[in-house]
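Residue numbers (my numbering): -19 to 665.
Below: the structure, in structure tokens.
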Ligand code: SER
């Protein structure tokens, strides 16, 4: 059976059992408690919690997942066995208040033993020590006596809070070539019975419905069906490994196998994450991806390779997986460019960092490098801690990790103090002219801007270096700086033909646009740069903003004309909207609002962007924000005949560009004020 066959058998089986088959959601979850989509259930958290309606009672899919850098973290295991991955695909089936323990266990058993025809003697099951019911079902359905285990093994949740419950796990016997029982018996499927919601204090509340969330690692299933004991020997990986052999010019052997596994695993994580919109950076998920990319490069070095690696391997990933995940090919140009920028920056840092390390190594006492030096390597040269550890391991040395953590905590404290103060610092530059951002609505490709000021670590500097976190003011910019509830643009500053800075977000202090982010090359005051916004993110934000206007109109239609906006946050593909209303919305009202917004999107109405006098806008009946001050000339955004608002944000030109809207949640935030959250675009789809 090929990889594609295994996928198909799984989906076909659950389709035949009445499940709706859906495509994978993005690796970037719509969930602030998680860095990545770590399991198939992540997109369904709201449904499991009962805060979102289920779109079908039974659902199945194969979901892209990354487990790195959070509660579910497999990064450090990768390479040392044949089973762990940072990126993997999870097969899963769900019941949202439909079948429960019996249905789930029966279907799992039927698929494994009747369809995939696995030998029941090679399957073992575990249940939670308190779960009599599942244990009894296993006896009845499979004649199996489940091994009973505690919370550590048989209780599952995605994050520290949210839906959770006891689970039953199925293990497969990969044969006696393994001496160790734990290596031999591998978990291939986890059926979780989502019954509770856990709050921040650890309290469990029963969920409104009893749900099922199952998940299995597709890579393990493929190995199992292909009779392999190592996932990396299956058809999912062999071609990627051959491509790596070609690029590095070395064949895979027993000795260097870990480096090959790391490279192909990390290629998948980095490639898929960037294709889904993650940008390598120094914080959060961007940092995890940067770290994974650097770890792959380090293993390239161990194999004797210098220079570009993952950017050269990415086309092989498209060949292998682009049919199933068309976004890989669609985003190729952007992904390869981002990886190349990272690779170039890393090569420079590595060289400089190695110089520092070579100087420090002779001074090391008792084989332990000081935490401060390791932190300097991290902070100034971009060496992740595990990279430093890896280099030292070859020399039988280690790092004082406590000292490293201490230095890191001190740095965080410093930067917290700094961010509090940056507004004040910018305000203190009284002779800085207002930024000319007149091109922000229609960015100009060859707009040339001059660097007026650079802020680093709480100080204005004349120049800063690759790796520095900085805030930069320019005389002109295409970037939209955070304003009126709309988050600012992200993108790059380009010097000549090269990226000099990754702008994570453009903010605003009064009439100055502040470009915040990380340098990938040196930058000085007076330099001429081009401001290249990330047009994907811009489009995602524009559709969220126009959708916010439709949402306001829909609320006034469905609830009443008195509904008024009290605040909003417009982010890429998501909207938070606060409005005046005296009670909770009913499920029917929420649905009616969502349906109306989607009806207006489907009607593909033109969206007019006009400038006019405030009087004229008033005559048109444009809605204005309560308590807001407006100038004499205002921008008016009119969507068909359903919405007309004063607004300085960025918008789409036809409502059809919004693609789709989905109301996630509605709740009270203070007396008489409600908050509604909505996803739009591909996220809503
Ligand atoms: N959420 C569970 C897991 O990831 C089952 O899908 O193991």
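For every residue, glycine included, the Cβ atom is placed at its ideal position computed from N, Cα and C.
Just so it is clear, the structure is predicted and the values come from calculations on it, not from any experiment.
task: Would you mind sorting residue 650 into buried or exposed? The rule is 16 or more other CB atoms within 10 Å of its CB.
output: Residue mapping note: residue 650 aligns to position 670 of the chain shown, counting from 1. Counting Cβ neighbours within 10 Å, residue 650 comes out exposed, since fewer than 16 surround it.
task: Just confirm the distance between the C-beta atoms of residue 622 and residue 539, as a whole number of angstroms; I'd bet it's less than 8 Å.
output: Looking up residue 622 in the chain shown gives position 642. Looking up residue 539 in the chain shown gives position 559. Taking a contact as a CB-CB distance under 8 Å, the pair residue 622 and residue 539 does not count as one, their CB atoms being some 15 Å apart.
task: In angstroms with no decimal places, state the Cα-to-Cα distance between residue 186 and residue 174.
output: In the chain shown, residue 186 corresponds to position 206, counting from 1. In the chain shown, residue 174 corresponds to position 194, counting from 1. Answer to the nearest angstrom: the Cα atoms are 9 Å apart.
query: Excluding five sequence neighbours on each side, which residues of the same chain lie with their C-beta closer than 7 Å to the C-beta of residue 643?
result: Counted from its first residue, the chain shown places residue 643 at position 663. Cβ within range, chain order: 570, 573, 574, 656, 658.
query: Given that a residue counts as buried once 16 or more other Cβ atoms are within 10 Å of its Cβ, and exposed if not, what is residue 514?
result: Within the chain shown, residue 514 is the residue found at index 534, counting from 1. Classification of residue 514: buried, given that the 10 Å Cβ count is 16 or more.
query: ligand 1: which residues have Cβ under 6 Å from any of its heavy atoms, chain order?
result: 19, 20, 21, 72, 136, 170, 172, 193, 194, 195
CB contact check: residue 13 to chain D, cutoff 8 Å: The structure shown contains no chain D; it is built from a single protein chain.
Beta-carbon spacing of residue 221, residue 252 below 8 Å: Mapped onto the chain shown, residue 221 falls at position 241. Mapped onto the chain shown, residue 252 falls at position 272. Contact flag unset, no.
- prompt: According to the Cβ coordinates, are residue 88 and residue 150 closer than 8 Å?
  reply: Position 108 of the chain shown, counting from 1, holds the residue named residue 88. Position 170 of the chain shown, counting from 1, holds the residue named residue 150. In this structure, residue 150 lies closer than 8 Å to residue 88 by Cβ.
message: Mapping the DSSP letters down to three states, classify residue 244 as helix, strand or coil.
response: The count along the chain shown starts at 1 and reaches residue 244 at position 264. In the structure shown, residue 244 sits in a helix (DSSP, three-state: H, G or I).
Alpha-carbon to alpha-carbon, residue 67 and residue 399: Locating residue 399 in the chain shown gives position 419, counting from the first residue. Locating residue 67 in the chain shown gives position 87, counting from the first residue. Because the pLDDT of residue 399 is 49, which lies under 50, any placement of that residue in the model is unreliable, and the question is left without a value.
message: What residue range does the alpha helix (DSSP H) around residue 146 cover?
response: Mapped onto the chain shown, residue 146 falls at position 166. Taken as a continuous stretch (DSSP letters only), residue 146 belongs to no alpha helix (DSSP H), being part of the beta strand (DSSP E) at 142 to 153.
Residue range of the alpha helix (DSSP H) that includes residue 63: What you label residue 63 is simply residue 83 of the chain shown in a count that begins at 1. Counting along the chain, residue 63 falls outside any alpha helix (DSSP H), and DSSP gives it neither H nor E.
message: Assuming the contact rule is C-beta atoms closer than 8 Å, residue 678 and residue 377 should be a hit. Round their C-beta distance to whole Å, please.
response: Nothing about residue 678 can be reported from this structure: the residues present for the chain run from -19 to 665 only.
message: So, with DSSP's three-state summary, where would you put residue 356?
response: Residue mapping note: residue 356 aligns to position 376 of the chain shown, counting from 1. Reduced to three states, the DSSP call for residue 356 is helix.
field: N-terminal and C-terminal residue of the beta strand (DSSP E) that residue 170 is part of
entry: Against the chain shown, residue 170 aligns to sequence position 190. Its beta strand (DSSP E) spans residues 165 to 178.
message: So, with DSSP's three-state summary, where would you put residue 412?
response: As a first step, residue 412 is located in the chain shown; it is residue number 432 there, counting from the start. In this structure, residue 412 counts as coil in the three-state DSSP scheme.
- prompt: Where are the beta strand (DSSP E) runs, 3 residues long or more, that stay fully inside the stretch 47 to 104, in chain order?
  reply: The qualifying runs are 67 to 76.
field: Cβ shell of residue 606 (< 8 Å), same chain only, five flanking positions each side left out
entry: The residue labelled residue 606 in the question sits at position 626 within the chain shown. For residue 606, the pLDDT reaches just 48, beneath the cut-off of 50, and the residue's location in the model is therefore unreliable, leaving the point undetermined.
task: Figure out for me which residue from 653, 654, 648, 641 has the closest Cα to the Cα of residue 665.
output: Within the chain shown, the letter at position 685 stands for residue 665. Checking every option, the nearest Cα to that of residue 665 belongs to 641.
field: Closest residue to residue 627 among 647, 597, 289, 648 (Cα-Cα distance)
entry: The residue given as residue 627 occupies position 647 in the chain shown. Among 647, 597, 289, 648, the Cα nearest to that of residue 627 is on 597.
message: In this structure, how does DSSP classify residue 606 when only helix, strand and coil are distinguished?
response: Here residue 606 refers to the residue found at position 626 of the chain shown. Reliability fails at residue 606, whose pLDDT of 48 lies under 50, so the model's placement of it is uncertain and the value that follows must be treated cautiously. Assigned with DSSP and collapsed to three states, residue 606 falls in coil, not helix or strand.
field: Start and end residues, alpha helix (DSSP H) containing residue 277
entry: On the chain shown, position 297 is the one that residue 277 refers to. Segment 264 to 282, the alpha helix (DSSP H) holding residue 277.
field: Backbone secondary structure at residue 393 - three-state DSSP
entry: Sequence index remark: in the chain shown, residue 393 carries index 413 (1-based). In the structure shown, residue 393 sits in a helix (DSSP, three-state: H, G or I).
message: Among the candidates 249, 264, 283, whose CA atom is the shortest distance from the CA of residue 231?
response: As a working mapping, residue 231 is identified with position 251 in the chain shown. The shortest C-alpha separation from residue 231 is found at 283.
- prompt: Excluding five sequence neighbours on each side, which residues of the same chain lie with their C-beta closer than 8 Å to the C-beta of residue 0?
  reply: Along the chain shown, read from residue 1 onward, the residue named residue 0 stands at position 20. Hits under 8 Å: 35, 36, 38, 39, 40.
field: Stretch-stretch touch, CB-based, cutoff 8 Å, three pairs: the stretch 269 to 289 with the stretch 363 to 371
entry: yes
message: As a quick exercise: from 521, 498, 580, pick the residue whose alpha carbon is nearest that of residue 556.
response: Here the question's residue 556 lines up with position 576 in the chain shown. Closest option to residue 556, Cα to Cα, is 521.
- prompt: Would the stretch -15 to 3 and the stretch 137 to 157 be scored as touching if the rule is three or more Cβ pairs under 8 Å?
  reply: Here the stretch -15 to 3 makes no contact with the stretch 137 to 157; the two share fewer than three CB pairs at distances below 8 Å.
- request: Please classify residue 91: is it buried, with 16 or more other beta-carbons within 10 angstroms of its beta-carbon, or exposed?
  value: Mapped onto the chain shown, residue 91 falls at position 111. Label assigned to residue 91: buried.
field: residue 399, DSSP secondary structure in three states
entry: As a working mapping, residue 399 is identified with position 419 in the chain shown. Because the pLDDT of residue 399 is 49, which lies under 50, any placement of that residue in the model is unreliable, and the number read from its coordinates should be weighed accordingly. DSSP places residue 399 in helix when its eight states are reduced to three.
- request: Can you give me the start and stop residues for the alpha helix (DSSP H) that residue 708 sits inside?
  value: An answer regarding residue 708 cannot be provided, because it is not within the stretch -19 to 665 covered by the chain.
- prompt: For residue 368, which of helix, strand or coil comes out of DSSP?
  reply: On the chain shown, position 388 is the one that residue 368 refers to. Three-state result, residue 368: helix.
- prompt: According to the Cβ coordinates, are residue 433 and residue 446 closer than 8 Å?
  reply: Position 453 of the chain shown, counted from the start, is the residue given in the question as residue 433. Position 466 of the chain shown, counted from the start, is the residue given in the question as residue 446. No.
message: What does the Cβ neighbour count give for residue 611, buried or exposed, with the cut at 16 atoms within 10 Å?
response: To locate residue 611, count along the chain shown from 1; it is residue 631. Flag for residue 611 reads exposed.
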